[in-house]
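Following our numbering from start to finish, the sequence shown increments by one per residue and tops out at 573. In this text, a Cβ means the ideal position worked out from N, Cα and C, and glycines have one as well.
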Amino acid sequence: MRTQHHGHFINVALIGAHQFSPGVIESDLAESVSDPEGRERMRTYRSVAIPASSVAAAIAFAMGQHCWCRRRRDHRPSHGRRT
């Protein structure tokens, strides 16, 4: 999982060998862009956004799993080393 250095954001989830990232999420970011052309591009980009509630539901589901689902274990042979 990538390291997040600033803030406390969950930006990826690892499932098997695949990394999933939510992509564009609904927000008011476009309204804070001062350039009218840039603001319109942000609004267009946001047209494919998923609701923040969907991301929250996915995070709640992942956090609600049993601890054995959340831990990654290394199943490779240790070749006599204790891990």
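Its chain contains TYR535, ARG536, VAL538, ALA539, ILE540 as the residues whose beta carbon lies nearer than 8 Å to that of VAL514, once the 5 sequence neighbours on both sides are disregarded; these appear in chain order. Within the model, the alpha-carbon separation for VAL523 versus SER544 is close to 25 Å.
For ALA552, the uninterrupted alpha helix (DSSP H) segment begins and ends at 542-553.
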